[in-house]
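Asks: Everything in the sequence shown is counted per my numbering, starting at 21 for the first residue and increasing by one.
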Amino acid sequence: MRYQFLRFPDGREKAVTMSYDDGCPQDIRLAQTVSKYGMKCTFNLNSDELRKQRLTKEMIEENFLSKGHEIAVHGALHKAEGTLRPIVGIRDVLDCRLELEERYGIIIRGMAYPDSGIRHFANNSSYEKVKKYLTELDIVYARTLGGDNDGFALPNDWHAWMPTCHHNNPNIHEYIDKFLKIDMSSPMHPATRTPKLFYIWGHSYEFDGLDNWSLLYDICSTLGQHSDIWYATNIEIYNYVNAYNSLIYSANSKIIYNPTLYKIWFDIDGKLYVIESGETLRI
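1) For Lys34, which residues from the same chain have a beta carbon less than 6 Å from its beta carbon, with the 5 sequence-adjacent residues on both sides left out?
2) Does the contact criterion of 3 or more C-beta pairs under 8 Å hold for the segment 64-77 versus the segment 271-285?
3) Which partner residues does Arg302 have in the DSSP bridge list?
4) Can you tell me which of the three DSSP states Leu292 falls into?
5) Let me confirm a value: His193 is counted as buried when at least 16 other C-beta atoms fall within 10 Å, else exposed. Which label applies?
6) According to DSSP, is Cys116 helix, strand or coil?
7) Hey, would you say Ile138 sits closer than 7 Å to Gly95, going by beta carbons?
8) Can you give, in chain order, each stretch of the alpha helix (DSSP H) that sits fully within the segment 21-85 and has at least 4 residues?
9) With 16 other CB atoms within 10 Å as the buried threshold, where does Asp47 fall?
10) Considering only residues of the segment 222-246, which uninterrupted alpha helix (DSSP H) runs meet the minimum length of 4 residues and lie entirely inside it, listed in chain order?
11) Going straight from the alpha carbon of Ile268 to that of Tyr293, what length do you get?
12) Measure the Cβ-Cβ separation of Lys87 and Ser39 and say whether it is below 7 Å.
13) Kindly indicate the opening and closing residues of the beta strand (DSSP E) around Ile249.
14) Go through its chain and collect everything with a Cβ distance to Tyr124's Cβ below 8 Å, but skip five positions before and after it.
15) Across the segment 149-162 and the segment 184-201, are there enough close Cβ pairs to call them in contact, namely three or more that are closer than 8 Å?
16) Give me the DSSP bridge partner(s) of Arg163.
17) Under 8 Å: do the segment 110-129 and the segment 217-224 share three or more Cβ pairs, one atom per stretch?
18) Tell me where the alpha helix (DSSP H) around Ile257 begins and ends.
19) Under a Cβ-count criterion, where at least 16 other Cβ atoms within 10 Å of its own Cβ denotes burial, should Glu256 be classed as buried or exposed?
20) Return helix, strand or coil for Ile91, following the three-state DSSP convention.
21) Using a Cβ-Cβ cut-off of 8 Å (strictly less than) and excluding sequence neighbours within five positions of Glu121, which residues of its own chain qualify?
22) Quick one: what does DSSP say Leu217 is sitting in, helix, strand or coil?
23) Which same chain residues, not among the five before or five after Met204, have their C-beta less than 6 Å away from its C-beta?
24) Mark Ile107 as exposed unless 16 or more other C-beta atoms lie within 10 angstroms of its C-beta, in which case mark it buried.
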């Protein structure tokens, strides 16, 4: 065995996810559009803003949760963690998580950094401190910003998860075309056969501001409804990748045990394997 790589559910090599911030009324239209094309989105909510009834509990349950979308933490007061003393950052994240979990009766472990997030630091804050308290608060991933990830790589650091691009990025159609044309069955260096993720982020109110909802329809009609793509929320991607990374191997890698609750697919030297929950596989 030379190379082994994760494959998404049903052996898929590609995945698509979306992430939209602030809990805006326009999220309803976005969620309905995304759902129509079989795609999934993570909606990052500010608990303090929800008290102002921008989106009611019933709206979120009907349009987000019942359709398989995710809700995640975006800070109670939308504060940039990089500029906060740890005690202030901890409270903003924890208050948001507690209120969202209480309101919707679910476990929430994901987050998108509000405002400038971890791009700037002040008040003796640092990325290491932010990551430490997020980990202790059981926030398992956090989406950041700052550049395009047009290599479509999965994150090496889940608390600095870089998306592919914003929906208004002038290169988005070029990136989508590049992503869809990736063909791992064609001759390529074995070490480049890593799984690919296209990750779009933004704010739904921006479609109103620029009067460009047609852009969302175009993105979804192009990226959506492909049988060889896994459409997942942020937490679904984290959970699946974490399960894959939890596989247990013999020293020579010929015996593999799956201790997780997930059915997991992977590629070894171009051959697809699947291992059931609790199964021991001999290669």
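By construction, the Cβ of each residue, glycine as well, lies at the ideal position given by its N, Cα and C atoms.
Replies: On the basis of the coordinates in this document:
1) As a first step, residue 34 must be located in the sequence shown, where it is residue number 14. Only residues of its own chain outside the window of five on either side were considered, and among them Lys216 and Ile249 have a CB closer than 6 Å to the CB of Lys34, listed in chain order.
2) The count of Cβ pairs closer than 8 Å, one atom from the segment 64-77 and one from the segment 271-285, stays below three, leaving the stretches out of contact.
3) The count along the sequence shown starts at 1 and reaches residue 302 at position 282. Arg302 pairs with Ile275.
4) Reading the sequence shown from its first residue, position 272 is the one you call residue 292. In this structure, Leu292 counts as strand in the three-state DSSP scheme.
5) Counting from 1 along the sequence shown, the entry for residue 193 is found at position 173. Looking at its Cβ environment, which holds fewer than 16 other Cβ atoms inside 10 Å, His193 is exposed.
6) Locating residue 116 in the sequence shown gives position 96, counting from the first residue. Cys116: helix per DSSP, three-state reduction.
7) Locating residue 138 in the sequence shown gives position 118, counting from the first residue. Locating residue 95 in the sequence shown gives position 75, counting from the first residue. Not closer than 7 Å, so no.
8) Listed in chain order, the complete alpha helix (DSSP H) runs (minimum 4 residues) inside the segment 21-85 are 47-56, 67-70 and 77-83.
9) The sequence position of residue 47 within the sequence shown is 27, counting from 1. Buried, since its Cβ has 16 or more Cβ neighbours within 10 Å.
10) Complete alpha helix (DSSP H) runs here, min 4: 225-229 and 233-243.
11) Looking up residue 268 in the sequence shown gives position 248. Looking up residue 293 in the sequence shown gives position 273. Computed Cα separation, rounded: 15 Å.
12) As a working mapping, residue 87 is identified with position 67 in the sequence shown. As a working mapping, residue 39 is identified with position 19 in the sequence shown. No Cβ-Cβ contact shorter than 7 Å links Lys87 with Ser39.
13) Here residue 249 refers to the residue found at position 229 of the sequence shown. Here the beta strand (DSSP E) through Ile249 covers Ile249 to Tyr251.
14) As a position in the sequence shown, residue 124 is number 104, starting the count at 1. Lys77, Ile80, Glu81, Leu85 and Ile91, listed in sequence order.
15) With the cut-off at 8 Å, the segment 149-162 and the segment 184-201 do not touch.
16) Mapped onto the sequence shown, residue 163 falls at position 143. DSSP, once it has assigned bridges, lists Ala132 and Trp181 as partnering Arg163.
17) The way I'd put it, the segment 110-129 doesn't touch the segment 217-224; fewer than three beta-carbon pairs between them come closer than 8 Å.
18) Taking the sequence shown and counting its residues from 1, one reaches residue 257 at position 237. Unbroken alpha helix (DSSP H) run through Ile257: Asn254 to Tyr264.
19) Mapped onto the sequence shown, residue 256 falls at position 236. Result: buried.
20) Reading the sequence shown from its first residue, position 71 is the one you call residue 91. Strand, per DSSP.
21) Translated into the one-based positions of the sequence shown, residue 121 becomes position 101. If we look at Glu121 and ignore the five residues flanking it on each side, its Cβ neighbours are Ile127 and Ile128.
22) The residue you call residue 217 lines up with position 197 of the sequence shown. Leu217 sits in a strand when the DSSP states are folded into three classes.
23) For the purposes of this step, residue 204 is identified with residue 184 of the sequence shown, where counting begins at 1. Closer than 6 Å at Cβ, skipping near neighbours: Glu33 and Arg213.
24) Here residue 107 refers to the residue found at position 87 when the sequence shown is read from its first residue. Answer is exposed; the Cβ neighbour count stays below 16.
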